[in-house]
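Q: Just passing along the structure, written as structure tokens.
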Amino acid sequence: MRTSVFGWTFVLSAFGLFGCSAVYPELSTPLRTPPADFRLVPPPPADVFYFRFAGADIPTLTRDGRKWNGEKPDPFAKLILNGKDLILTSVESDTLRPTWQDQERANYRFRSSDVLVIEVWDSNPLTNHPICREKLPSFHEFVQGDEPYMEVECDNGGRVRLIVQPAHGRLGLGFWYELRTEKAFVTRVVGESPAGRAGLHAGDEIVAVQGKPVATLEDGALQSLINANSTVGLKLSVGSAGGVREVTLKDGAIFPIQGEGVTLE
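With this note's numbering applied, the sequence shown covers 561 to 825.
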């Protein structure tokens, strides 16, 4: 498979002439946002949730009855999973009604045995203690209802609103690959995707697409074949330590977990 001058050429590092390894382009299979009210199949996994802080109502005085330094606090929020910080919002300055609009929109995996705690802090070293700290009830029960927010009441009268929903999804195949000279390899796979459910793994070699050996394809043909057949049925011959196997993929539900490289809209 020849390389192209339009992005397919592998790029040598600045010191490539001195023996450094080549860097190959990573390509993504197509991703689409489902239409409104579109039913994703399969449905979201029972232990994967879309989560974000929706806002908080903070008392006008600190826990010990003092005014906030600067009249109002500079709050930020945390979600703590089994004792470790999982989500940390940015700081909103001088407000009793933070909304933390710039949070990443992402899905997270939460098991029923996990211990989840939310904290809201004032970003001020003089009042360096939580404004609110509460253990969360089970998400699994909450998402069965019709409430748009999970609202948590703090022991000081404050409130924290959380958006907790079944995982948000995209449509696609759910894997990335890289082109090498006459070869192509899977580089990343979203676990909850058609590629993940079919057993693709990073490091698998794409030997053939639609019955055509990768080594014989012209410039750009591999990506064209993958993109053109993703909605009707993409036939791959995939090589790994266990030999070459045949896999057929078709666009379907992708429920990416935070850190898997897929942006939710």
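Ideal placement from N, C-alpha and C gives every residue a C-beta, glycine not left out.
#1: Measure the CB-CB distance between residue 727 and residue 815 and report whether it falls below 8 Å.
#2: Taking the beta carbon of residue 783 as the centre, do at least 16 other beta carbons fall within 10 Å, making it buried, or is it exposed?
#3: Per DSSP, which one or two residues make a beta bridge with residue 775?
#4: For residue 790, is the classification buried or exposed, using 16 other Cβ atoms within 10 angstroms of its Cβ as the cut-off for buried?
#5: Starting from residue 788, follow the alpha helix (DSSP H) in both directions and report where the run begins and ends.
#6: For residue 702, does the three-state DSSP call read helix, strand or coil?
#7: Following the continuous alpha helix (DSSP H) through residue 754, name the residue where it begins and the one where it ends.
#8: Using DSSP bridges, identify the partner residues of residue 812.
#9: Thinking just about the alpha-carbon of each residue, which of 799, 771 and 778 is nearest to the one in residue 793?
#10: Just reading off the beta strand (DSSP E) that residue 525 is part of, what are its end residues?
#11: Report all residues from its chain with a CB closer than 6 Å to the CB of residue 574; omit the five preceding and five following residues, and keep chain order.
#12: Determine the DSSP secondary structure at residue 824, reduced to helix, strand or coil.
#13: Can you name the residues that DSSP bridges to residue 723?
#14: Considering only residues of the same chain and omitting the five flanking positions on each side of residue 786, which have a CB-CB separation below 7 Å?
#15: CA-CA distance, residue 746 and residue 672?
#16: Residue 691 and residue 633: beta carbons closer than 8 Å?
A: On the basis of the supplied data:
#1: Annotated as proximal: residue 727 and residue 815, with beta-carbon spacing under 8 Å.
#2: buried
#3: Answer by DSSP bridge pairing: none, since residue 775 is not bridged.
#4: buried
#5: For residue 788, the enclosing alpha helix (DSSP H) begins and ends at 781-789.
#6: helix
#7: 754-757
#8: 732
#9: 771
#10: Only positions 561 to 825 of the chain appear in the structure, and residue 525 is not among them; the question remains open.
#11: Low confidence applies here, because residue 574 scores a pLDDT of 41, under 50, leaving its location unreliable; read the following figure in that light. For residue 574, where only same-chain residues beyond five positions count, there are no Cβ hits under 6 Å.
#12: coil
#13: 612
#14: 589, 769 and 794
#15: Roughly 33 Å separates the two Cα atoms.
#16: Taking the C-beta atoms as reference points, residue 633 is found nearer than 8 Å to residue 691.
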